[in-house]
């Protein structure tokens with residue numbers, strides 16, 4: 012999945028277009044923002060897997076423009092938006108106190124649920140709606156406890172040890188929509204019970220609209236009609252054939268006797284839903300950006316000037332969990348990394364369920380406009396180490412990721428505080444983290460292989476960033492890391508030996524072949540053991556880096 016929290020374009024000069032800050036007086040600020048976003052989201056679509064999901068957070072300033080942009084770039088996807096309350100106190104100078112922001116989802120149409128609230132323990136404060144497991148009924152309430160008859164465990168329609176997997180629900184449709192007889196004429200019929208034995212026996216046929224229901228017993232069996240306490244003709248949840256099947260399975264049971272109407276309620280045993288739909292309004296104290304965002308970041312970095320509007324750790328955690336709860340090996344990309352909350356949330360999610368989700372953060376190292384002017388006055392400019400250390404990546408994003416992983420700051424001070432589940436920040440995480448700075452390499456050094464190790468991080472990332480990232484020195488014949496699923500053939504004439512080495516490495520799924528010949532590349536690819544995915548470095552990297560390894564040892 013890709014999760015991004017781009018600049019909100021409030022007009023506060025917090026982002027640049029063509030190296031110039033955009034403020035509220037810029038009459039083209041919305042067009043500039045859309046141009047900036049379109050390039051990035053178009054690229055993001057290319058990076059998504061067939062079942063990958065894009066999530067974008069935004070506020071009221073650009074929500075409508077963003078919605079149209081996403082519809083243009085993702086026309087074949089489903090589009091959803093939820094509202095999350097991030098500032099219960101509200102903010103705003105005139106008329107309204109804004110409490111919320113928006114989370115937009117672009118979900119591929121795969122025919123299956125890709126979004127779920129199955130991690131109920133973490134979404135319990137975000138009201139969830141169960142997905143019904145039987146036919147079309149979506150307005151079904153659990154049976155009231157006071158209406159239930161104690162069912163002997165021997166009479167259950169399932170093994171007693173599975174009782175926690177089942178729930179009783181009303182047999183009659185509830186609510187005001189599509190629950191009346193005239194709206195579902197095929198779902199108005201009698202269900203016959205043996206009142207003395209306390210069991211449901213059989214199901215009658217649908218009654219025509221112009222025929223009144225009869226309360227006459229048949230074969231000593233009492234008819235139960237879907238009529239409410241006010242005497243309105245309602246309807247059962249299912250047509251007769253479906254209800255008969257449920258009766259045959261002993262899943263339709265009597266509820267409490269209604270003295271007022273001289274009848275019984277009927278309930279149906281159903282499996283508890285395995286999928287829960289996420290409701291579109293989230294209001295939870297755990298999503299407070301002040302407490303669990305900015306204040307938490309201040310505690311981690313021991314600075315109050317670190318970042319003005321950090322996301323709540325838990326709103327990002329909960330958003331990720333709706334997509335990745337059942338994807339323990341998911342790869343999560345955030346190319347507006349900000350304060351690093353996405354990595355922190357990913358690590359927390361892994362700690363909770365033992366997952367191996369990976370997170371890639373991408374950010375620039377911008378210095379705020381005010382601080383940049385001050386540094387310029389002091390004779391410091393972009394590129395100077397004394398200037399760069401104040402950039403968002405070096406001063407906020409990377410330190411946060413490092414500190415929460417280690418559980419302590421660089422000076423060995425343990426991080427204070429606890430997570431909402433009771434875990435202490437000082438305990439850190441089991442993640443391993445890497446910091447890569449994209450830069451230009453000297454073409455002369457690269458040409459002789461002296462900087463081959465400098466592009467290894469890119470190869471490691473292309474292989475999924477799995478396992479420990481290993482390094483290599485000098486110019487070897489090949490490179491096959493022990494703990495990552497990729498291999499690199501550096502010297503083409505040693506292909507036979509390289510191939511034999513790969514026989515024992517069935518985990519290798521990606522092989523890079525350094526060669527100037529497309530014909531040689533095809534021939535080598537065709538005979539590799541296990542036929543892994545191969546990539547020709549000439550096309551991907553030699554054009555950019557010119558890694559021309561000498562062919563003579």
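In our numbering, the protein residues as written are 12 to 564.
For every residue, glycine included, the Cβ atom is placed at its ideal position computed from N, Cα and C.
Thinking C-beta only, is residue j closer than 9 Å to residue i?
i, j, result
"residue 263", "residue 321", "no"
"residue 300", "residue 72", "no"
"residue 511", "residue 492", "no"
"residue 367", "residue 393", "no"
"residue 402", "residue 378", "yes"
"residue 199", "residue 225", "no"
"residue 326", "residue 303", "yes"
"residue 113", "residue 70", "yes"
"residue 514", "residue 545", "no"
"residue 189", "residue 337", "no"
"residue 313", "residue 406", "no"
"residue 244", "residue 192", "yes"
"residue 90", "residue 81", "yes"
"residue 446", "residue 474", "no"
"residue 228", "residue 237", "no"
For residue i, which residues of its own chain have a beta-carbon under 6 Å away from its beta-carbon, when the five flanking residues on both sides are left out?
i, result
"residue 196", "220"
"residue 532", "524, 526 and 547"
"residue 430", "none"
"residue 551", "With a pLDDT of 45 at residue 551, under the threshold of 50, the predicted position of this residue should be treated as unreliable, and no value is reported."
"residue 404", "374 and 376"
"residue 371", "344"
"residue 140", "Annotation note: pLDDT 43 at residue 140 (below 50); position unreliable, coordinate value reported separately. Answer for residue 140: 288 and 290, listed in chain order."
"residue 115", "67 and 92"
Output the boundary residues of the alpha helix (DSSP H) element that contains residue i.
i, result
"residue 93", "First-last for residue 93: 88-96, but that is the beta strand (DSSP E), not the alpha helix (DSSP H)."
"residue 514", "506-514"
"residue 58", "40-58"
"residue 331", "324-335"
"residue 533", "529-538"
"residue 311", "306-312"
Please confirm if residue i has its CB atom under 9 Å from at least one CB of chain B.
i, result
"residue 113", "As a matter of chain content, chain B is missing from the structure shown, which is built from one protein chain."
Span of the beta strand (DSSP E) holding residue i?
i, result
"residue 83", "That residue, residue 83, is in no beta strand (DSSP E); its alpha helix (DSSP H) goes 74-84."
"residue 498", "497-500"
"residue 342", "342-345"
"residue 544", "544-547"
"residue 275", "274-282"
"residue 105", "Run containing residue 105: none; DSSP gives neither H nor E here."
"residue 116", "111-119"
"residue 491", "Residue 491 -> no beta strand (DSSP E), and no H or E assigned at all."
Can you find the residues in the same chain that come closer than 7 Å, C-beta to C-beta, to residue i, ignoring five residues on each side of it along the sequence?
i, result
"residue 12", "63, 64, 66, 334, 335, 341 and 343"
"residue 154", "Interpretation of residue 154 is limited by its pLDDT of 49, a score under 50 that renders its predicted location unreliable; the figure taken from the coordinates is listed afterwards. Within the same chain, residue 154 has close Cβ partners 179, 180, 181, 266 and 278."
"residue 212", "203, 204, 205 and 232"
"residue 260", "168"
"residue 162", "Here residue 162 scores only 49 on pLDDT, less than 50, and its place in the model is too uncertain to base an answer on."
"residue 470", "497, 499 and 523"
Return the chain-ordered list of same chain residues with a C-beta closer than 8 Å to the C-beta of residue i, the five sequence neighbours on each side being excluded.
i, result
"residue 56", "65, 84 and 85"
"residue 125", "62, 64, 118, 119 and 334"
"residue 482", "464 and 467"
"residue 490", "467, 483, 498, 499 and 501"
With three or more C-beta pairs closer than 8 Å as the rule, is the stretch 220-230 touching the stretch 290-299? no
Ordered list of alpha helix (DSSP H) runs contained in the stretch 182-266, each at least 4 residues: You should have 251-259.
Are three or more beta carbon pairs between the stretch 357-372 and the stretch 382-391 nearer than 8 Å? no
Evaluate contact between the stretch 413-421 and the stretch 433-452, counting only Cβ atoms and requiring at least three cross-stretch pairs below 8 Å. yes
Fully enclosed by the stretch 365-435, which beta strand (DSSP E) runs are 3 residues long or longer? 369-372
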